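Here is the structure we will look at, set down as structure tokens.
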Amino acid sequence: MTGGPPRFHHADPGTPEPVWLADPLWWTAPLVDVDGLRDRYDKLLVLAAHPDDETLAVGAFVAAAHRAGLRVRVVVATAGEASHPDARAWTPGRLAPVRAGEVEAAVAILAPGATVEHLGLPDGGLAAAEGALADRVAERSRPGTLVLAPWTADGHPDHDALGRAAATGAAGAGAAVAHYPLWLWHWGRPGDLDRTRLHVVEPAPADLAARAAAVACYPSQTAPLGPGPGEAAVVTAPVLRRARRLVEALMAEPGVLPVRPARTDADVAPAFDGMYDDGDDPWGFTGSFYERRKRALTTAVLGRERYRVVVEIGCATGVLTRALAERAEHVVAVDPSAAALEVAARNAPAHVRWELGRAPGAVPEGPVDLVVLSEVGYFLTPVELLETLARVRAALAPGGEVVLVHWRHPTEGVPLDGPAVHAQAATALADLGHRVRHADGDVLVDVWGGPVSVAAAEGRR
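461 is the number that full-length UniProt numbering gives the last residue of the sequence shown; the numbers go up by one with no jumps.
Structure below.
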């Protein structure tokens with residue numbers, strides 16, 4: 001990067017999060033094999049320029065690495081005492097111990113038992129200490145250590161300096177190094193990422209929950225310090241949205257991080273087919289009042305009486321598909337199970353086309369007026385969900401609608417849960433406008449796009 005670090009302010013809105021979530025970077029980059037880390041490394045040395053960097057950028061990865069068996073040590077270069085330079089009541093001397101306590105609490109959640117070391121260097125002054133920092137990194141590293149540091153082109157002088165020092169120190173000690181972006185997401189665009197080094201982490205639900213709890217340990221940054229001038233929150237809503245992603249990003253040379261292949265249809269289909277070994281209705285669609293009520297809710301929230309083209313992703317035996325077909329000229333119903341589609345196709349309406357496949361690859365091209373994903377999102381991995389939402393958004397006709405319907409209770413044996421799916425969709429589909437939200441003890445129903453008012457569309461006032 002030339003011309004020095006970009007000029008940005010934390011209070012700027014930054015690059016809209018839907019821009020990042022819709023970019024193919026997430027589903028084209030190598031996937032980190034977290035469980036494979038312990039075959040190469042026994043220690044994770046996490047470097048943070050300021051308290052909260054480790055949590056906002058890679059909190060879920062730190063939790064995952066700890067769960068995989070790596071010993072975690074977190075080194076915090078500064079106390080972040082300059083985060084509120086214009087706050088009169090909160091001097092750097094008053095703020096420093098508060099922030100130090102916050103990072104201790106956050107790391108205790110991410111990696112219980114991990115060591116936290118405070119270097120006490122001046123906030124904003126790491127570039128002047130780059131050589132000394134490299135020595136500190138080398139002293140704490142050896143072969144078998146994975147050093148995790150800010151990206152060298154993150155755009156914040158402290159982050160960039162610490163990233164460079166980490167690379168130098170790790171190389172001198174025979175350790176490996178990976179980097180994490182934090183502020184690049186704020187000022188940059190997808191083209192600013194080094195795709196040759198990009199790796200994607202798909203954290204488990206427990207790791208995502210740990211990150212969320214760790215973020216809550218930083219009230220000095222996520223909430224106002226007080227009502228006075230200069231006391232506003234530094235970690236603003238756009239930053240928090242990025243810290244709630246279902247994925248995280250690491251930058252590393254090829255070979256540094258263990259990688260794994262993405263799932264294929266052959267990995268997924270047999271499990272769904274096997275559900276039909278003992279009968280045609282393993283989900284209890286026809287005999288359950290819960291299922292009948294959920295279908296009624298789904299059709300009730302639709303913004304139009306009739307649709308030209310409707311797509312249902314994960315149609316199973318087609319019970320909801322038939323209800324949608326009553327409102328549509330053409331329906332495309334997709335499912336990964338051949339056994340389910342065999343049941344679905346029996347006595348089916350002629351204007352329904354049944355397709356064997358799974359999201360994201362099976363999302364048809366548009367234009368489509370309505371896309372329904374009911375009880376399917378949590379079967380997808382985080383990367384699969386992001387690609388599915390991007391494909392759905394791209395296929396949608398102007399004025400089209402997207403409906404998500406999911407079980408609200410905890411899930412077992414699947415990558416995600418309903419609330420996580422809906423939360424990520426709320427960001428990815430934000431430009432459509434959120435029109436309907438139904439949440440009860442069992443089910444979530446959300447609608448994006450479509451008419452704001454059915455009554456107004458009929459001329460009612």
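Glycine included, C-beta positions come from ideal geometry on N, C-alpha and C. In this text, all values refer to a predicted model and were calculated from it rather than measured experimentally.
With a CB to CB cut of under 8 Å and the five nearest residues on each side skipped, what residues in its chain are close to residue i?
i: Ala-420; result: Pro-205, Leu-208, Leu-246, Tyr-378
i: Gly-3; result: In this prediction, Gly-3 scores a pLDDT of 36, lower than 50, which makes its location untrustworthy; the coordinate-derived value is nonetheless stated afterwards. Nothing meets the Cβ criterion.
i: Arg-306; result: Arg-327, Ala-328, Glu-329
i: Gly-14; result: Phe-8, Trp-185, His-186, Trp-187, Pro-238, Val-239
i: Leu-70; result: Leu-37, Arg-38, Tyr-41, Asp-42, Lys-43, Leu-44, Leu-146
i: residue 512; result: Any answer about residue 512 is impossible in this case: the structure gives the chain only from 1 up to 461.
Throw me the rounded Cβ distance for the residue i and residue j pair, which I believe falls under 8 Å.
i: Gly-318; j: Ala-328; result: Rounded, the Cβ-Cβ distance is 13 Å, inconsistent with contact.
i: Trp-27; j: Glu-387; result: 4 Å
i: Ala-395; j: Pro-364; result: 6 Å
i: Phe-397; j: Val-352; result: Position check: residue 397 holds Ala in this sequence, whereas Phe was assumed. Not a contact, Cβ separation roughly 19 Å.
i: Val-331; j: Ala-325; result: 5 Å
i: Glu-401; j: Gly-450; result: 4 Å
i: Gly-155; j: Trp-183; result: 5 Å
i: Ala-108; j: His-66; result: No, Ala-108 and His-66 are not in contact; Cβ-Cβ is about 11 Å, not under 8 Å.
Would a C-beta distance cut-off of 7 Å place residue i and residue j closer than the cut-off?
i: Val-58; j: Ala-176; result: no
i: Ala-132; j: Leu-47; result: no
i: Ala-275; j: Arg-197; result: Note that residue 275 corresponds to Met in the displayed sequence, not to Ala. Against a cut-off of 7 Å, the Cβ pair of Arg-197 and Met-275 comes out as no contact.
i: Leu-31; j: Val-259; result: yes
i: Val-454; j: Thr-298; result: no
i: residue 506; j: Arg-295; result: Look at the range of the chain in this structure, 1 to 461, and you will see that residue 506 is not part of it.
i: Ala-39; j: Gln-221; result: The sequence given here places Asp at residue 39; Ala does not occur at that position. No, Cβ-Cβ distance for Asp-39 and Gln-221 is not below 7 Å.
i: Gly-314; j: Val-239; result: no
i: Val-301; j: Val-445; result: yes
i: Ala-29; j: Val-200; result: yes
i: His-165; j: Ala-134; result: Reading the sequence as shown, one finds Ala at residue 165 and not His. For Ala-165 and Ala-134, yes; Cβs fall inside 7 Å.
i: Glu-104; j: Leu-95; result: no
i: Ala-79; j: Arg-99; result: yes
i: Ala-63; j: Ala-210; result: yes
i: Gly-101; j: Ala-138; result: no
i: Leu-389; j: Ala-428; result: yes
i: Val-447; j: Val-403; result: yes
i: Val-311; j: Val-268; result: no
Residues in its own chain within less than 6 Å of residue i by CB, not counting five upstream and five downstream?
i: Met-1; result: Confidence is the limiting factor: at Met-1 the pLDDT is only 32, short of 50, which leaves the residue's position unreliable and the question unanswerable from this model.
i: Arg-73; result: Leu-45, Thr-115
i: Arg-391; result: Pro-360, Val-363
i: Gly-357; result: Val-334
i: Gly-124; result: Ala-82
i: His-179; result: Ala-149, Trp-151, Gly-163, Met-251
i: Arg-308; result: Glu-329, Asp-369
i: residue 549; result: Since the first residue shown for the chain is 1 and the last is 461, residue 549 is missing from the structure and cannot be characterised.
i: Val-343; result: Asp-280, Thr-317
i: Ala-129; result: Leu-121
For residue i, I'd like the list of residues in its chain whose CB is within less than 7 Å of its CB, leaving aside the five on either flank, ordered along the chain.
i: Ala-87; result: Leu-225, Gly-228, Gly-230, Glu-231
What do you get for residue i, buried or exposed, if any count of 16 or more other CB atoms within 10 angstroms of its CB means buried?
i: Ser-83; result: buried
i: Arg-437; result: exposed
i: Ser-141; result: buried
i: Arg-195; result: exposed
i: Tyr-218; result: buried
i: Arg-460; result: exposed
i: Trp-283; result: exposed
i: His-409; result: exposed
i: Ser-337; result: buried
i: Ala-89; result: exposed
i: Val-34; result: buried
i: Thr-286; result: exposed
i: Thr-91; result: exposed
i: Asp-417; result: buried
i: Glu-17; result: buried
i: Arg-242; result: buried
Note the first and the last residue of the continuous beta strand (DSSP E) segment covering residue i.
i: Ser-374; result: 368 to 374
i: Ala-252; result: Where Ala-252 is concerned, there is no enclosing beta strand (DSSP E), given that its DSSP letter is neither H nor E.
i: Thr-145; result: 145 to 150
i: Glu-329; result: 328 to 335
i: Asp-446; result: 443 to 449
i: Trp-354; result: 352 to 356
i: Arg-308; result: 307 to 313
i: His-199; result: 198 to 201
i: Val-402; result: 396 to 407
Considering residue i, what are the terminal residues of the alpha helix (DSSP H) in which it resides?
i: His-50; result: Segment: none, His-50 is in no alpha helix (DSSP H) and carries neither H nor E.
i: Tyr-290; result: 289 to 300
i: Gly-418; result: 418 to 428
i: Thr-264; result: Counting along the chain, Thr-264 falls outside any alpha helix (DSSP H), and DSSP gives it neither H nor E.
i: Val-116; result: First-last for Val-116: 115 to 121, but that is the beta strand (DSSP E), not the alpha helix (DSSP H).
i: Leu-133; result: 130 to 139
i: Ala-456; result: 454 to 457
i: His-156; result: Where His-156 is concerned, there is no enclosing alpha helix (DSSP H), given that its DSSP letter is neither H nor E.
Does any residue of chain D bring its CB to less than 7 Å from the CB of residue i?
i: Asp-417; result: Any reference to chain D falls outside this structure, which holds one protein chain only.
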